[in-house]
Amino acid sequence: MKATASSGQRERLVIVGNGMVGHHCVEQLVSRGALQRFEVHVFGEERQRAYDRVHLSEYFGGSCAETLALCGQDFYGANGVHLHLGEAVLEIDREHAEVVTAEGRYGYDQLVLATGSYPFVPPIEGSSGNARLVYRTLDDLDAIRAAAASARRGVVVGGGLLGLEAANALKSLGLEAHVVEFAPRLMPVQLDGEGGAALKAQIEALGVGVHLSRATQSISAGEDYRYRMNFDGGEHLETDLIVFSAGIRPQDALGRACGLDIAARGGVVIDNHCRSSDPRIFAIGECASWNGSVFGLVAPGYSMARNLAALLMGEAAGEFTGADMSTKLKLLGVDVGSIGDAHGATPGARSYRFIDEANSAYRRLVVDASGKHVLGAVLVGDNSYYDTLLQYAQNGIALPADPAALILPQGGGAPALGADALPDSATICSCHNVSKGAVCAAIDSGCGDLAAVKGCTKAATGCGGCAALLKQVFEHELTARGVAVDKSLCEHFAYTRQELYGLVRVEGIRTFNELLERHGKGHVGCDICKPAVGSILASCWNQPIMDPALVPLQDTNDTFMANMQKNGTYSVVPRIPGGEITPDKLIVIGQVAKKYDLYTKITGGQRIDLFGAQLHELPLIWGELIEAGFETGHAYGKSTRTVKSCVGSTWCRYGVQDSVGMALRLEDRYKGLRSPHKLKFAVSGCTRECAEAQSKDIGVIATEKGWNLYVCGNGGMRPRHAELFATDLDDETLVRLIDRVLMFYIRTADKLQRTSVWRENLEGGLDYLKQVILDDSLGLASELEAQMQHVVDQYECEWANALNDPEKLKRFRTFVNDRRADPDVHFVREREQRRPAAPLHLIPTIEEAV
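The opening position of the sequence shown corresponds to residue 23 in my numbering, with each subsequent residue numbered one higher.
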């Protein structure tokens, strides 16, 4: 809709910019009923609606634009907001109160600029094409991905937050990654010299080259790579692509062109109410300059958006008076934290420092002249200290007699402040400005679980960094109100999963009924405890899951040892250890697929998935695959799925170890291992990391001296980089440590908890895990290894076990008394997939099959 004046009784509000801050402003307006007062138009220069730039790097980990979107597709339309995507505002006509786009002119009564920022690219001779990429939008990331397809090495210019994220992106695309920074240290704004040095050491250990104090003078043609970056002083570095991430600049061109006041260092000048020099025009986020400062984090932008929404609605609005720029980050899997006056610039400030050169860890605590209050902190290598130090700094809490104790090794971060020590004004979630008092109010209004508190307050729904603190406050407040915090597995067992595991292991319990009789209540269990106990029993004793006493504990996929698909058929995944397969076995898979008319798909884990099998066909398919030397790939279970590998030193000219051989060894050892959640491994033959080991639960990367072990990473909905756990291991030590890590995870994790979440919730963090596994601080090492060996020794292919038992085979019939297929199910072709053309009411459920 195009217009030059407001329509009806409502004022017209135009928001220019559909980034995170602009979208948050819309959310705030909608929640306040603004559509009764305003006709709202939002203009976005990009084609995609607002998406999460904080987690932009996840785009290379498999997330798509829709996954990163901040709202559903119908959010704007359903709330009466006019969204103009791919329609850039070209001009602001203040005289006529209109914004101008290529599509026409739109009048406004109030105008909000939320145009964000743009990447600064220094003027360097020869920078163009693949030598002039930036890291800012989804389109930018698509361009980087396209350039990386024909590249071996990539360089990022800029060693700040975004620069290191960009370097990680290049690494995830399989490139040799380098970072070039003009300053003498990485992240010069957030870190001091020692912190920068610790970060450099950790990042170099991950295989990323770091070049400090380098100023690029020109870019010319390279000899071994496409480009040569020529540095001041005569040095050079060759590369195939260059990503500039040398800082941001406020996107203030519209305001500048229409005559608004612009700050000396850029940005539309605003007052405490985000109002510009034109009383009808406001600016929020990175395009705005308050008191000469531009705030490059999302939390200050959200604060501006909230205050402005209240002001526009005529509510009592708070003033924007600056923002806390404290940040907690994970860069290439390395913890980095910066709080308040991290550089100790306040007159009279004093510092305590802890330096661990062996592990490239560093902590600095900055206190005031009296030694009684925290002014700031720097953390590199372990952010478990962050939440406590932030609360000391933000709330003026008096320091203990020995402030150094807050940063000295504790086996679990700084001595935690109890939730009762935090005042109601303490900020729990800075992204959405949620205080402890707001959390308490949500509980008092009836929010009885953590999910309800998050939904009511939005705490922990931004960057997610406050999740642990929110949980601590929530549970404390429930206890304070006399409400017991129930951690029972379900109504049948008043124990956690970890406690049940201990009971099963110590008492030698081998069936669900025995556990229920001894330690539970009721007679049949439920959908929560049965699969959880089934997983525990399998992890302890590794009995065939098709045994009569165990079948009722399995879900549909485990019951039929194949994944049920959306059309009621099943998919079959034979194990192909390490992705290594012979031509003869490939031919057999092809013959089976043709014989049973199955759709085939190579998975992300280097396996071949066969889709479209009917229930009665499963044993027939398994039989032919087993005869050819295959066995079950356990793709249906919460168990070891795959060990992905590159070709390693056998074929690759960069390989330094036999990654395929190690992948085969690991997959053979851990196949069939049941755990709280699925497990994925990868082994890379060099630091080029073609197997993507750092996105796996267990990642192994070859070095000249052996193997580096990474733990607790994963992709999927909540990606997390694995963390470097031990270096330069020989084969036997590597396997022993993996035994210990996996069995300790199985013993202590919650139900359906990935290793990444387990690690994040592990009291004491990575340091504690190292103490348990490497130093044997609990004296469990031999026990963990023995328990793993028992599981390994008990392994049996579950497909073969079923095929050898006529009673078990009876489950794989469409009809109990007839071996034939269901005559009412017919299949039609659609994109080479078999889809049922008739209702599937006769396909058995787990209860019917049992």
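By construction, the Cβ of each residue, glycine as well, lies at the ideal position given by its N, Cα and C atoms.
Predicted, not measured: the structure shown is a model, and the values here were computed from it.
ask   = Between Phe-633, His-77, Pro-272 and Phe-766, which lies nearest to Trp-312 when the distance is taken from Cα to Cα?
value = Pro-272
task = Measuring alpha carbon to alpha carbon, tell me which of Ala-426, Leu-428 and Arg-503 ends up nearest Glu-463.
result = Just to set this straight, residue 463 is Ala in the shown sequence, not Glu. That would be Arg-503, whose Cα lies nearest to the Cα of Ala-463.
query = Under three-state DSSP, which class holds Asn-252?
reply = strand
ask   = Out of curiosity, what's the CA-to-CA distance linking Asp-798 and Ser-804?
value = 9 Å
message = With the cut-off set at 9 Å, would you say Leu-78 and Ala-189 are in Cβ contact?
response = no
request  = Label Leu-330 either buried or exposed according to how many other C-beta atoms from any shown protein chain fall within 10 Å of its C-beta, with 16 as the threshold for buried.
outcome  = buried
ask   = Expressed to the nearest angstrom, what Euclidean distance is found between the alpha-carbon atoms of Val-38 and Tyr-130?
value = For Val-38 and Tyr-130, the distance between alpha carbons rounds to 11 Å.
query = So what does DSSP say about Arg-762, is it helix, strand or coil?
reply = helix
query = Can you name the start and end residues of the alpha helix (DSSP H) that Ile-531 belongs to?
reply = Note, Ile-531: premise wrong, no alpha helix (DSSP H); not H, not E.
message = Could you check whether Ala-481 and Arg-54 sit closer than 9 Å to each other, using their CB atoms as the reference points?
response = no
inquiry  = Let me confirm a value: Leu-163 is counted as buried when at least 16 other C-beta atoms fall within 10 Å, else exposed. Which label applies?
reply    = buried
inquiry  = Tell me which residue opens and which closes the beta strand (DSSP E) that Pro-272 is part of.
reply    = 270-272
query = Using DSSP with H/G/I as helix, E/B as strand and the rest coil, what is Phe-82?
reply = helix
task = Might you give, ordered along the chain, the residues of its own chain that have their beta carbon closer than 7 Å to the beta carbon of Phe-142, omitting 5 neighbours on each side?
result = Ala-268, Gly-269, Ile-270 and Arg-271
request  = Determine the direct distance from the alpha carbon of Leu-184 to that of Asp-690, and round the result to whole angstroms.
outcome  = Between Asp-690 and Leu-184, the alpha-carbon positions lie close to 40 Å from each other.
ask   = By a C-beta neighbour count over all protein chains shown, 10 Å radius and 16 as the cutoff for buried, is Lys-830 buried or exposed?
value = buried
inquiry  = Buried or exposed, going by whether 16 or more other CB atoms sit within 10 Å of the CB of Val-794?
reply    = Val-794 should be labelled buried.
key: C-alpha gap between Pro-570 and Ala-554, whole angstroms   = 17 Å
key: Between the CA atoms of Ala-584 and Gly-590 - distance to the nearest angstrom   = 11 Å
Inter-stretch contact at 8 Å, needing at least 3 Cβ pairs: the region 673-684 / the region 612-621 = no
key: Coil, strand or helix - Ala-338 by DSSP   = coil
ask   = According to the neighbour-count rule (16 or more other Cβ atoms, all chains shown, within 10 Å of its Cβ), is Leu-608 buried or exposed?
value = exposed
key: Residues near Thr-123 in its chain [Cβ-Cβ closer than 8 Å; skip 5 each side]   = Phe-65, His-106, Glu-109, Ala-110, Val-111 and Leu-112
ask   = Looking at Asp-246 and Glu-260, is the spacing between their C-beta atoms short of 9 Å?
value = yes
ask   = CB-CB under 6 Å to Leu-35, same chain, minus the five flanking residues each way: which ones, in chain order?
value = Phe-60, Val-62 and Gln-132
key: Inter-residue Cα distance where the pair is His-104 and Val-134   = 15 Å
message = Restricting to Cα atoms, I'd like to know which of Leu-538, Val-316 and His-541 is closest to Asp-346.
response = Val-316
query = Run through DSSP, which three-state label would Val-38 get?
reply = strand
key: Simplified DSSP state of Tyr-692, which is helix, strand or coil   = helix
inquiry  = the ligand FAD and Ala-748: does any heavy atom of the ligand fall closer than 8 Å to the residue's C-beta?
reply    = Questions concerning the ligand FAD fall outside what the structure shown contains, since it holds no ligand whatsoever.
query = Whole alpha helix (DSSP H) runs in the region 296-373 with 4 or more residues, listed along the chain?
reply = 320-334
task = Tell me, please, which residues DSSP counts as bridged to Trp-729.
result = Beta bridge pairing from DSSP links Trp-729 with Ala-724 and Leu-751.
ask   = From which residue to which residue does the beta strand (DSSP E) around Val-389 run?
value = For Val-389, the enclosing beta strand (DSSP E) starts and ends at 383-389.
query = Using DSSP with H/G/I as helix, E/B as strand and the rest coil, what is Arg-663?
reply = strand
key: Unbroken alpha helix (DSSP H) run spanning Gln-132, endpoints   = It is not in any alpha helix (DSSP H) - Gln-132 instead sits in the beta strand (DSSP E) that spans 132-135.
query = By how many angstroms is the C-alpha of Gly-694 removed from the C-alpha of His-545?
reply = Take the alpha-carbon of His-545 and the one of Gly-694: they are about 30 Å apart.
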